[in-house]
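*Asks:* Here the sequence shown is numbered in our numbering, starting from 288 and rising by one per residue. After the structure tokens below, expect a handful of questions from me.
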Amino acid sequence: LAMIIKQRARAGSVDQMDLVGDVTDSDCIIVDDMIDTAGTMCKAAEVLLEKGARRVFAFASHGLLSGPGNDRIANSKMEEVVILNTLPTSPQREANEKLTQLSVAELLAKAIFNIHAKRSVSALFK
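Given below as structure tokens:
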């Protein structure tokens, strides 16, 4: 297990990234809640590879991919980036071979049904 600690002097820019742990010859997965411009994620992937990671993958719940985000991922050294379909997609995003989008539609539908039927939502995650 390893983690990257990022230091920000101001919003929108990362001043420093420090890796805690050894990733030599490891397949790494970066997990985040959201990818906006993908700058931090791509930089984290570079740090992991520089420190000896074999491959880097990423997962985020929300793929905003604003501005240069989609192009950064397409041109990054990450193998694959997985996002959920919580936001509308675009032709550029669909053409990005490194992006995989998973659907949460069935899970959300079941959660709404269970709430309406006064059933357990947590049972969906067992």
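Backbone N, C-alpha and C define an ideal beta-carbon position, used for all residues, glycine too. Since the structure is predicted, the reported quantities are computational estimates derived from the model, not experimental observations.
Suppose contacts are defined by Cβ-Cβ distances below 8 Å. Is residue 295 in contact with residue 302 by that definition?
*Replies:* Here residue 295 refers to the residue found at position 8 of the sequence shown. Here residue 302 refers to the residue found at position 15 of the sequence shown. Going by C-beta atoms, residue 295 is nearer than 8 Å to residue 302.
*Asks:* By Cβ distance below 6 Å, which residues in the same chain neighbour residue 359 in space, the five residues on each side in sequence not counted?
*Replies:* Residue numbering aside, residue 359 sits at position 72 when the sequence shown is read from its first letter. Only 325, 329 meet the Cβ criterion.
*Asks:* Does the segment 395 to 403 come into contact with the segment 374 to 381, if we say contact requires no fewer than three beta-carbon pairs (one atom in each stretch) closer than 8 Å?
*Replies:* no
*Asks:* Rounding to the nearest angstrom, what Cα-Cα distance links residue 383 and residue 367 in this structure?
*Replies:* The residue you call residue 383 lines up with position 96 of the sequence shown. The residue you call residue 367 lines up with position 80 of the sequence shown. Linking residue 383 to residue 367 through their CA atoms gives a straight-line distance of about 10 Å.
*Asks:* Can you give the Cα-Cα distance for residue 289 and residue 401, rounded to whole angstroms?
*Replies:* Residue numbering aside, residue 289 sits at position 2 when the sequence shown is read from its first letter. Residue numbering aside, residue 401 sits at position 114 when the sequence shown is read from its first letter. C-alpha separation (whole angstroms): 37 Å.
*Asks:* DSSP three-state call for residue 362: helix, strand or coil?
*Replies:* Walking along the sequence shown from the start, residue 362 turns up at place 75. Looking at residue 362 - three-state DSSP - the assignment turns out to be coil, as it is neither helix nor strand.
*Asks:* Who are residue 367's beta bridge partners in DSSP?
*Replies:* As a working note, residue 367 is residue 80 in the sequence shown. Paired residue(s): 344.
*Asks:* Starting from residue 327 and walking both ways along the alpha helix (DSSP H), at which residues does that stretch end?
*Replies:* Numbered from 1 along the sequence shown, position 40 holds the residue referred to as residue 327. Looking at the DSSP string, the run of the alpha helix (DSSP H) that includes residue 327 is 326 to 337.
*Asks:* Does DSSP put residue 405 in a helix, in a strand, or in coil?
*Replies:* The residue given as residue 405 occupies position 118 in the sequence shown. Residue 405 falls in the coil class under three-state DSSP.
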